[in-house]
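Below you can see the structure in the form of structure tokens.
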């Protein structure tokens, strides 16, 4: 009975306003994440690939690396701007008790901090100041909680960043060997000291990102697969039967053409 009620609330709220957590530390960490990814794109494109003179190697790896970067940043945005499954604030107040249609004597778990009904596996986040359904953790690098509705995008973000980091390390190794063979002539449009410095920074960043995201990716997959019904849990996280849409951060994206014409809804259960 309780599960049906909370699911009804979320079906009616999915067309709500854009989700954003106004946390200074989280916004700074998210901005740093974007800057580091864009720095990697700059070094790979303008230091490692373009000086090769438009070869097939540069074209293939340039398209692949920039495509992975675009997918990683799109997954980051979807994770940051998607409501993770926040329980409506104040819906456990006595004045809303008649809207819950509870059976006589039925009790609910209530959060004392945000005065909301606390569903099973929901936890209160002190940063989002809301109870989050199936909350995994609050990640400052995406400035959001990882919960019921955005865990898929977080998994994709960690997957694409780990692949991107491994790709960058491989390109750095290949470019370093090529520059040594050419004695640092015609291997970069930058001077040898600047090229070496940029490559060192890229390698350090890639090693750090690869370690962090690979661990997070494996942890998330283990958490998903360790549930009782693995297939059902995978479908609930990634949505629908197994398909290529599972690895797309754009799947299910709906951009309203006329957001200002969206009808307003009243009631405490619709507040964000």
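Residue numbers (full-length UniProt numbering): 1 to 272. Every residue gets a Cβ at the ideal spot worked out from N, C-alpha and C, and that includes glycine.
List the whole-angstrom C-beta distance separating residue i from residue j, where the pair is believed to meet the contact cut-off of C-beta under 8 Å.
i: residue 114; j: residue 124; result: 7 Å
i: residue 172; j: residue 203; result: 5 Å
i: residue 249; j: residue 71; result: 6 Å
i: residue 36; j: residue 205; result: 6 Å
Between which two residues does the beta strand (DSSP E) containing residue i stretch?
i: residue 114; result: Looking at the DSSP string, residue 114 is not in any beta strand (DSSP E), and its letter there is neither H nor E.
i: residue 187; result: No beta strand (DSSP E) contains residue 187, which DSSP labels as neither H nor E.
i: residue 120; result: Note, residue 120: premise wrong, no beta strand (DSSP E); not H, not E.
i: residue 139; result: 137 to 139
i: residue 130; result: 130 to 132
Can you check whether the CB of residue j is closer than 8 Å to the CB of residue i?
i: residue 21; j: residue 128; result: yes
i: residue 131; j: residue 84; result: no
i: residue 167; j: residue 65; result: yes
i: residue 189; j: residue 51; result: yes
i: residue 34; j: residue 82; result: no
i: residue 169; j: residue 68; result: no
i: residue 224; j: residue 215; result: no
What is the residue span of the alpha helix (DSSP H) that residue i lies within?
i: residue 175; result: 151 to 181
i: residue 144; result: Counting along the chain, residue 144 falls outside any alpha helix (DSSP H), though it belongs to the beta strand (DSSP E) covering 144 to 146.
i: residue 89; result: Where residue 89 is concerned, there is no enclosing alpha helix (DSSP H), given that its DSSP letter is neither H nor E.
i: residue 65; result: 56 to 81
i: residue 45; result: Run containing residue 45: none; DSSP gives neither H nor E here.
Go ahead and label residue i buried or exposed: buried means 16 or more other beta carbons lie within 10 angstroms of its beta carbon, across all protein chains shown.
i: residue 217; result: buried
i: residue 199; result: buried
i: residue 180; result: exposed
i: residue 89; result: buried
i: residue 209; result: buried
i: residue 76; result: buried
i: residue 187; result: buried
i: residue 98; result: Reliability fails at residue 98, whose pLDDT of 47 lies under 50, so the model's placement of it is uncertain and no value is given.
i: residue 147; result: buried
i: residue 252; result: exposed
i: residue 95; result: Residue placement at residue 95 is poorly supported in this model, since its pLDDT is 49, which falls under 50; the coordinates still yield a value, given next. Burial call: exposed.
i: residue 42; result: exposed
i: residue 134; result: buried
i: residue 177; result: exposed
i: residue 158; result: buried
i: residue 26; result: buried
i: residue 243; result: exposed
i: residue 226; result: exposed
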